[in-house]
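K.L.:
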Amino acid sequence: MFYTNCDVLTNTKISELEHYISVDSPDLIALTEVLPKRSLFTNELVNYELEGYDIFGTGFTGGRGTILYIKSLLNATQVNIDSQFEESIWCKIKLRKNDNLVIGCVYKSPSCTAENVDNLTKTLKEITELNSSHLLIMGDFNFKEINWEHYMSTVGERHMSTQFLECIKDCFLFQHVQRPTRLREGNVPSILDLVLTNEEDMLENIDYLPGLGLSDHLVLQCVFNCYTDTKNNTSSKLNFHKGNYGAIDNELARLQWDELMGGMSLSDSWDCLTENLVKLIEQHVPEGKAFPATGRHGRLFNCTCKEAINRKHTKWKKYQYCKTDRNYALYKQQGMKVKNELRKAKYNHEKDLAAKIKTDSKLFWKYTRSKTKTKSVINKLENTNGELTTDDQETANVLNEYFASVFEEESMQNIPSLGAKQCIEQLTFIEINETKN
Numbered sequence: 002m003f004y005t006n007c008d009v010l011t012n013t014k015i016s017e018l019e020h021y022i023s024v025d026s027p028d029l030i031a032l033t034e035v036l037p038k039r040s041l042f043t044n045e046l047v048n049y050e051l052e053g054y055d056i057f058g059t060g061f062t063g064g065r066g067t068i069l070y071i072k073s074l075l076n077a078t079q080v081n082i083d084s085q086f087e088e089s090i091w092c093k094i095k096l097r098k099n100d101n102l103v104i105g106c107v108y109k110s111p112s113c114t115a116e117n118v119d120n121l122t123k124t125l126k127e128i129t130e131l132n133s134s135h136l137l138i139m140g141d142f143n144f145k146e147i148n149w150e151h152y153m154s155t156v157g158e159r160h161m162s163t164q165f166l167e168c169i170k171d172c173f174l175f176q177h178v179q180r181p182t183r184l185r186e187g188n189v190p191s192i193l194d195l196v197l198t199n200e201e202d203m204l205e206n207i208d209y210l211p212g213l214g215l216s217d218h219l220v221l222q223c224v225f226n227c228y229t230d231t232k233n234n235t236s237s238k239l240n241f242h243k244g245n246y247g248a249i250d251n252e253l254a255r256l257q258w259d260e261l262m263g264g265m266s267l268s269d270s271w272d273c274l275t276e277n278l279v280k281l282i283e284q285h286v287p288e289g290k291a292f293p294a295t296g297r298h299g300r301l302f303n304c305t306c307k308e309a310i311n312r313k314h315t316k317w318k319k320y321q322y323c324k325t326d327r328n329y330a331l332y333k334q335q336g337m338k339v340k341n342e343l344r345k346a347k348y349n350h351e352k353d354l355a356a357k358i359k360t361d362s363k364l365f366w367k368y369t370r371s372k373t374k375t376k377s378v379i380n381k382l383e384n385t386n387g388e389l390t391t392d393d394q395e396t397a398n399v400l401n402e403y404f405a406s407v408f409e410e411e412s413m414q415n416i417p418s419l420g421a422k423q424c425i426e427q428l429t430f431i432e433i434n435e436t437k438n
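Residue numbers (this note's numbering): 2 to 438.
Set out below in structure tokens:
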């Protein structure tokens, strides 16, 4: 599990997030404050998609943006609740038997009104009333007045923090974060980001890692104990790298193609060729395990970027061991170096793709398509019965029938005869050189 308040998810922070994914491959990623406070551009959820993850989000029309990334193989679905709270997203994952895991990501603004806090407590109570076997809630709640070690509030009974704490107790939720999650120079460190569950032993080994980019909120990474009902991928595919192509060549050379294809039409000859090739491939190409695609994580990273990120983590550990102003300044300085290195790596990668566009245009267009937010697909088509197609195979058959219908079938009876041509001068010598005209 991975959570952080990213304090605006910029391109460099996305690159650093992809580094985390390439190393740890978390099943669940929760982000708050994805968008800036005041943006001149329209932000859409599709702009933040990650390969291999289903994305769920809210707050993209006037809010700060809250996102849940859940691995696609977990088959998560969004939970719609009747709530007036501004920024929260809820999803459900089916576990074994009749158990379910409900996951929530919440962002409460520091300037939140008492009315909105009241809506937040109502939302939490409604979620707990779903009676799911597993409940996981993460987010930036901005209640620095609560002492989570003793579950006490340092302000009066009518304060919003006290009301929230009482709601947590009434819902029998456990709060697992015990160390400050927001560190800003000149401010007192405080616990603003929380991780709540309905059982105390559901979480273990919380790691407090440096934030994305220059964010002053830490990254919380931990293990969540549950039992998903996903099936292992037992499918296989051919390993062409280990094929015995010499044996395939010998088998093809021994076949009597004139006897096999004698009198066949072009279509039948092609079927004969492919049938023999498939048989030889099955005999001489071994099978291997089929692994899911890893996506593009780490593609833009070079050794310099990885080294800079590792040094940032080292500076962070040193600051945690000895919290001095100098160590904190060195940590922030290294964070700036990571940002610059990621920008430089992206620039060099795009420059290299542009330089190789004439020799390897596939890589260029693949990278370009990965940046587009809309994918072209073939929509459902109407078949001869006036009904819409239901799958890709049926759609392909409709297209094939249509294109075949526009061709004119020529008669093979009245073929015009061509007279013999007279050769006036025979071409006997051809010279090819590199001279350009």
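We put the CB at the ideal spot given by N, CA and C, even for glycine.
1. What residues in its chain sit with their C-beta under 7 Å from that of ARG297, if we drop five residues either side in the sequence?
2. Measuring only the C-alpha atoms, how far is GLU441 from ALA355?
3. In whole angstroms, what is the alpha-carbon distance linking LYS307 and GLN394?
4. Hey, how far is the Cα of GLY299 from the Cα of HIS20?
5. Spell out the partners DSSP gives PHE3 in its beta bridges.
6. Nearest to THR385 by CA position, among TYR368, TYR403, ILE207, THR369, is which residue?
7. In the DSSP assignment, find the unbroken alpha helix (DSSP H) run with PHE165 in it and report its ends.
8. Assign SER16 to buried or exposed, taking buried as 16 or more other Cβ atoms, counted over all protein chains shown, within 10 Å of its Cβ.
9. Using only the alpha-carbon positions, how far apart do LYS93 and LEU219 sit?
10. Do LEU137 and ILE169 have their C-beta atoms within less than 7 Å of each other?
11. Hey, quick one: how far does the alpha helix (DSSP H) through THR59 stretch, first residue to last?
12. Report all residues from its chain with a CB closer than 8 Å to the CB of PHE241; omit the five preceding and five following residues, and keep chain order.
13. Please state the DSSP three-state secondary structure of MET139.
14. Taking only the alpha-carbon atoms, compute the straight-line gap between CYS223 and LEU195 and give it to the nearest angstrom.
15. By how many angstroms is the C-alpha of SER270 removed from the C-alpha of MET413?
16. Looking only at DSSP bridge pairs, what is THR67 linked to?
17. If we ignore side chains and look at the alpha-carbon of each, how far apart do GLU45 and LEU10 end up?
18. To the nearest angstrom, report how far apart MET337 and LEU221 are at their CA atoms.
19. Do you know offhand how far ASN206's Cα is from ARG344's?
20. Decide yes or no for the touch test of the stretch 120-131 against the stretch 148-155: beta carbon pairs closer than 8 Å, at least 3 of them.
21. Which first and last residues belong to the alpha helix (DSSP H) in which GLY336 is found?
22. May I ask you to list the residues that DSSP assigns as paired with ARG180?
23. Would you call the CB atoms of TYR329 and TRP317 closer than 7 Å?
24. Buried or exposed: TYR77, going by 16 or more other Cβ atoms within 10 Å of its Cβ?
25. Helix, strand or coil for GLY289, going by three-state DSSP, please let me know.
26. Shortest alpha-carbon distance to PHE144 belongs to which of PHE165, LEU74, ILE425?
27. Sorted by chain position, which residues of the same chain lie with C-beta nearer than 7 Å to GLY244's C-beta, five sequence neighbours on each side aside?
P.N.:
On the basis of the coordinates in this document:
1. For the purposes of this step, residue 297 is taken as the residue at position 296 of the sequence shown. Because ARG297 sits at a pLDDT of 46, beneath the cut-off of 50, its placement in the model cannot be relied upon, and the point is left open.
2. Past the edges of the chain, shown from 2 to 438, lies residue 441, and the structure says nothing about it.
3. Residue mapping note: residue 307 aligns to position 306 of the sequence shown, counting from 1. Residue mapping note: residue 394 aligns to position 393 of the sequence shown, counting from 1. Going from the Cα of LYS307 to the Cα of GLN394 covers about 44 Å.
4. Here residue 299 corresponds to residue number 298 of the sequence shown, with the count starting at 1. Here residue 20 corresponds to residue number 19 of the sequence shown, with the count starting at 1. For GLY299, the predicted model reports a pLDDT of 46, less than 50, meaning its position is unreliable and no value from the coordinates is stated.
5. As a working note, residue 3 is residue 2 in the sequence shown. BP columns for PHE3 point to ILE30, GLN222.
6. As a position in the sequence shown, residue 385 is number 384, starting the count at 1. Nearest in C-alpha terms to THR385, of all of TYR368, TYR403, ILE207, THR369, is TYR403.
7. Here residue 165 refers to the residue found at position 164 of the sequence shown. First-last of the alpha helix (DSSP H) with PHE165: 161-171.
8. Locating residue 16 in the sequence shown gives position 15, where the first residue counts as 1. Label assigned to SER16: buried.
9. As a first step, residue 93 is located in the sequence shown; it is residue number 92 there, counting from the start. As a first step, residue 219 is located in the sequence shown; it is residue number 218 there, counting from the start. Straight-line Cα distance between these residues: approximately 26 Å.
10. Here residue 137 refers to the residue found at position 136 when the sequence shown is read from its first residue. Here residue 169 refers to the residue found at position 168 when the sequence shown is read from its first residue. At least 7 Å separates the beta-carbon of LEU137 from that of ILE169.
11. Here residue 59 refers to the residue found at position 58 of the sequence shown. Note, THR59: premise wrong, no alpha helix (DSSP H); beta strand (DSSP E) at 54-59.
12. In the sequence shown, residue 241 corresponds to position 240, counting from 1. Cβ neighbours of PHE241 beyond the five flanking positions: VAL286.
13. Taking the first residue of the sequence shown as 1, we reach residue 139 at position 138. Strand.
14. Locating residue 223 in the sequence shown gives position 222, where the first residue counts as 1. Locating residue 195 in the sequence shown gives position 194, where the first residue counts as 1. Each residue's alpha carbon lies about 13 Å from the other.
15. Taking the first residue of the sequence shown as 1, we reach residue 413 at position 412. Taking the first residue of the sequence shown as 1, we reach residue 270 at position 269. Answer to the nearest angstrom: the Cα atoms are 19 Å apart.
16. In the sequence shown, the residue the question calls residue 67 occupies position 66. THR67 pairs with THR33, THR59.
17. Sequence index remark: in the sequence shown, residue 45 carries index 44 (1-based). Sequence index remark: in the sequence shown, residue 10 carries index 9 (1-based). Whole-angstrom Cα-Cα distance: 13 Å.
18. Here the question's residue 337 lines up with position 336 in the sequence shown. Here the question's residue 221 lines up with position 220 in the sequence shown. The alpha-carbon atoms of MET337 and LEU221 are separated by roughly 21 Å.
19. If you number the sequence shown from 1, residue 206 lands on position 205. If you number the sequence shown from 1, residue 344 lands on position 343. Spanning the two alpha carbons is a distance of roughly 32 Å.
20. no
21. Here residue 336 corresponds to residue number 335 of the sequence shown, with the count starting at 1. Residues 326-356.
22. For the purposes of this step, residue 180 is identified with residue 179 of the sequence shown, where counting begins at 1. In the DSSP output, where bridge partners are listed per residue, ARG180 has none listed.
23. The sequence position of residue 329 within the sequence shown is 328, counting from 1. The sequence position of residue 317 within the sequence shown is 316, counting from 1. No, the pair does not count as a contact, with Cβ atoms beyond the cut-off.
24. In the sequence shown, the residue the question calls residue 77 occupies position 76. Before going further, note that residue 77 is Ala rather than Tyr in the sequence given. ALA77 should be labelled buried.
25. As a position in the sequence shown, residue 289 is number 288, starting the count at 1. It is a strand residue.
26. Position 143 of the sequence shown holds residue 144. Among PHE165, LEU74, ILE425, the Cα nearest to that of PHE144 belongs to PHE165.
27. Along the sequence shown, one-based indexing puts residue 244 at 243. Only HIS285, VAL286 meet the Cβ criterion.
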